[in-house]
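Participant: I'd like to ask some things about the structure below.
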Amino acid sequence: MKLDTLKYGFDHTTMPVDPLASYWTPEVQADLDRQDWALSEVRSRLDLAAWQGFTADLPRDPYVNRRWKRMSWLALDDAGSVQELGHCPMAQGGAFNDAESMADRLRYYDSLTPTFLERADVKAFVRAWARLWDIQPDEPILMQITGQRGEGHVDPLQGQGIHADGCQALSILVLERRNVLGGDSRLYADKMGARELSVATLAPGDILHLRDDRVFHSVDPLSQLDPGQPFERFIIIINSRFVDDFQNRILRRHFPQAVLYRG
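Every number in our numbering is 2 more than the matching position in the sequence shown, counting from 1.
Listed below in structure tokens is the structure:
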């Protein structure tokens, strides 16, 4: 792997002990190294109920029916603090996104709210996530709150099926799951789905990490467990180190100093 610039060179012998070193159990990194995916939890690390409150005012996704969404581009600075980079559209090339409504298009969304991004547990989560994936200063990190609510049957992927997101580092955290039948997360070794690696029903506070350039994923359709009540399923998606040339071109245009992956 090559990066546009190198901003490493920290003298770890003179740095204080990292308070985030124990955020993830040792098994998380071991599982990622061994099988390119890992399942963990963060409900013990953050105020999950408070985070769930930020699903209430999500705007409707203007590109996808029956979905709500906010997103922001973040990065660590040289001191390791989380910074918001500003506006930049999401851009997924057709090689990574098969959905007609999303592939090869620029998609613009409202940002995550300052009230959310300024929370101490949000900043700690982003920093710990970046540490897990060895994300360096000025590498763009995309963080989204997105999901579905309503009645009937919904494909949460809107036609993407088994897919990759066009990056190397990807994690999916379930925020809310109410009255949901289905919505199981599936991992595959191939895009055709011939070899299924794992299937899991993620509860609120569970987080799935995967090397998106090596493992494919999908989510089963959603419906109501109790037909008389609506369902809700909201997640946080956080990813970085994009291998999608389309997304990287747009990132370079909006963030000239960003550190981007070059294959």
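Ideal Cβ placement from N, Cα and C applies to all residues, glycine included.
Quick caveat: nothing in here was measured; it's all calculated off a predicted structure.
From the DSSP secondary-structure annotation, give me the bridge partner or partners of residue 75.
Facilitator: Working through the sequence shown from its first residue, we reach residue 75 at position 73. BP columns for residue 75 point to 88 and 144.
Participant: DSSP beta-bridge partners for residue 234?
Facilitator: The residue labelled residue 234 in the question sits at position 232 within the sequence shown. The partner list for residue 234 (beta bridge, DSSP) reads 151 and 180.
Participant: Using the C-alpha atoms, what's the distance from residue 206 back to residue 90?
Facilitator: On the sequence shown, position 88 is the one that residue 90 refers to. On the sequence shown, position 204 is the one that residue 206 refers to. Those two C-alpha atoms are separated by around 29 Å.
Participant: Quick one: grab the DSSP three-state call for residue 174.
Facilitator: As a first step, residue 174 must be located in the sequence shown, where it is residue number 172. Secondary structure at residue 174: strand, using DSSP grouped into helix, strand and coil.
Participant: What residues match up with residue 209 in a beta bridge as DSSP calls it?
Facilitator: The residue you call residue 209 lines up with position 207 of the sequence shown. Residue 209 is bridged by DSSP to 42 and 175.
Participant: CB-CB under 6 Å to residue 203, same chain, minus the five flanking residues each way: which ones, in chain order?
Facilitator: Here residue 203 refers to the residue found at position 201 when the sequence shown is read from its first residue. If we look at residue 203 and ignore the five residues flanking it on each side, its Cβ neighbours are 186.
Participant: Judging by CA-CA distance, which residue of 36, 92, 153 and 83 is the nearest neighbour of residue 146?
Facilitator: Sequence index remark: in the sequence shown, residue 146 carries index 144 (1-based). If we check each option's Cα against that of residue 146, 92 comes out closest.
Participant: Would you mind stating whether residue 239 and residue 43 have Cβ atoms separated by less than 9 Å?
Facilitator: Working through the sequence shown from its first residue, we reach residue 239 at position 237. Working through the sequence shown from its first residue, we reach residue 43 at position 41. Remark: C-beta atoms of residue 239 and residue 43 do not approach each other more closely than 9 Å.
Participant: Skipping 5 residues on each side, what residues in its chain have a beta carbon closer than 8 Å to that of residue 54?
Facilitator: For this step, residue 54 is matched to residue 52 along the sequence shown. Hits under 8 Å: 177, 178, 206 and 236.
Participant: With residue 256 as the anchor, note down where its alpha helix (DSSP H) starts and where it stops.
Facilitator: Against the sequence shown, residue 256 aligns to sequence position 254. Residue 256 -> alpha helix (DSSP H) spans 247 to 256.
Participant: Nearest-angstrom Cα distance between residue 213 and residue 189?
Facilitator: For the purposes of this step, residue 213 is taken as the residue at position 211 of the sequence shown. For the purposes of this step, residue 189 is taken as the residue at position 187 of the sequence shown. Cα-Cα distance, rounded: 11 Å.
Participant: Taking just the CA atoms, how far does residue 192 sit from residue 156?
Facilitator: If you number the sequence shown from 1, residue 156 lands on position 154. If you number the sequence shown from 1, residue 192 lands on position 190. Taking the straight line joining both Cα atoms gives about 24 Å.
Participant: Helix, strand or coil for residue 26? Go by DSSP, reduced to three states.
Facilitator: Looking up residue 26 in the sequence shown gives position 24. Residue state, collapsed to three classes: coil.
Participant: Using 8 Å for Cβ pairs, my map puts residue 142 next to residue 87. What's the rounded Cβ distance?
Facilitator: If you number the sequence shown from 1, residue 142 lands on position 140. If you number the sequence shown from 1, residue 87 lands on position 85. So it is a contact: roughly 6 Å between Cβ atoms.
Participant: From residue 130 to residue 137, what does the alpha carbon distance come to, in whole angstroms?
Facilitator: Locating residue 130 in the sequence shown gives position 128, where the first residue counts as 1. Locating residue 137 in the sequence shown gives position 135, where the first residue counts as 1. In this model, residue 130 and residue 137 are separated by some 10 Å (Cα to Cα).
Participant: When the Cβ atoms of the region 218 to 226 are set against those of the region 255 to 265, are three or more pairs found closer than 8 Å?
Facilitator: Not touching, per the Cβ criterion.
Participant: Using a Cβ-Cβ cutoff of less than 7 Å, which residues in the same chain neighbour residue 48 once the five nearest sequence positions on both sides are dropped?
Facilitator: Start at 1 with the first residue of the sequence shown, and residue 48 comes out as number 46. Excluding positions up to five away in sequence, the list reads 123 and 127.
Participant: Note down, in chain order, each residue of its chain lying with its Cβ closer than 7 Å to the Cβ of residue 150, except the 5 sequence neighbours on either side.
Facilitator: Here residue 150 is taken as the residue at index 148 of the sequence shown, counted from 1. Once the five neighbours on either side are set aside, the close Cβ partners of residue 150 are 68, 69, 156, 158, 224 and 235.
Participant: Assign residue 36 to one of three DSSP states: helix, strand, or coil.
Facilitator: Here residue 36 is taken as the residue at index 34 of the sequence shown, counted from 1. Three-state result, residue 36: helix.
Participant: Excluding sequence positions up to five away, which residues of its chain have a Cβ less than 7 Å from the Cβ of residue 25?
Facilitator: For the purposes of this step, residue 25 is taken as the residue at position 23 of the sequence shown. Result list for residue 25: 47 and 130, in chain order.
Participant: Can you tell me whether residue 175 is buried or exposed? The criterion is at least 16 other CB atoms within 10 Å of its CB, across all chains shown.
Facilitator: On the sequence shown, position 173 is the one that residue 175 refers to. Residue 175 is buried by the Cβ-count criterion.
Participant: So for residue 202, helix, strand or coil by DSSP?
Facilitator: In the sequence shown, counting from the first residue as 1, residue 202 sits at position 200. Note: residue 202 maps to strand in three-state DSSP.
Participant: In this structure, how does DSSP classify residue 54 when only helix, strand and coil are distinguished?
Facilitator: Indexing the sequence shown from 1 puts residue 54 at position 52. Note: residue 54 maps to helix in three-state DSSP.
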